Structure formats: C-alpha cells, structure tokens
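Asks: The working numbering applies: residue 202 is where the sequence shown begins, and numbers increase by one.
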Amino acid sequence: MKDNNSRFIPWDSISEEELLENAKRKIDDTFNDKEFVALLKKLEKM
C-alpha cells in the first residue's frame with residue numbers, strides 16, 4: 202500500500218536530534234505567530 206501523504210516521514214529514519222530541532226522550530230514558529238499570541242492573550246483575560 203502506497204502512502205499518498207507527502208508529509209509522512211518514517212520516524213525511525215530521523216535522528217532524535219533532527220526530531221528535537223524540528224519540534225523546536227515548530228514551537229518557535231507558533232510563538233512568533235502574532236495572531237496566535239494575540240489569541241492566547243485574549244484567552245488569558247477571560
């Protein structure tokens with residue numbers, strides 16, 4: 202069965218360091234997203 206999801210990456214083919222770097226990059230991207238941060242601040246005030 203061929204996986205058509207181009208975002209699928211077999212986890213055993215990636216080093217733990219690469220996984221951590223990717224996760225950190227995603228976290229940084231999320232917290233640098235001004236709309237997301239504004240939404241979080243709005244939720245905190247509720």
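Don't be surprised by glycine CBs; every beta carbon is placed ideally from N, CA and C.
Note that the structure is predicted; figures quoted are calculated from it, not measured.
Indicate the three-state DSSP secondary structure (helix, strand or coil) for Asn-223 in the structure shown.
Replies: If DSSP states are grouped into helix, strand and coil, Asn-223 belongs with the helices.
Asks: Which residues bound the alpha helix (DSSP H) around Phe-209?
Replies: Where Phe-209 is concerned, there is no enclosing alpha helix (DSSP H), given that its DSSP letter is neither H nor E.
Asks: Is Asp-229 helix, strand or coil when you go by DSSP?
Replies: In this structure, Asp-229 counts as helix in the three-state DSSP scheme.
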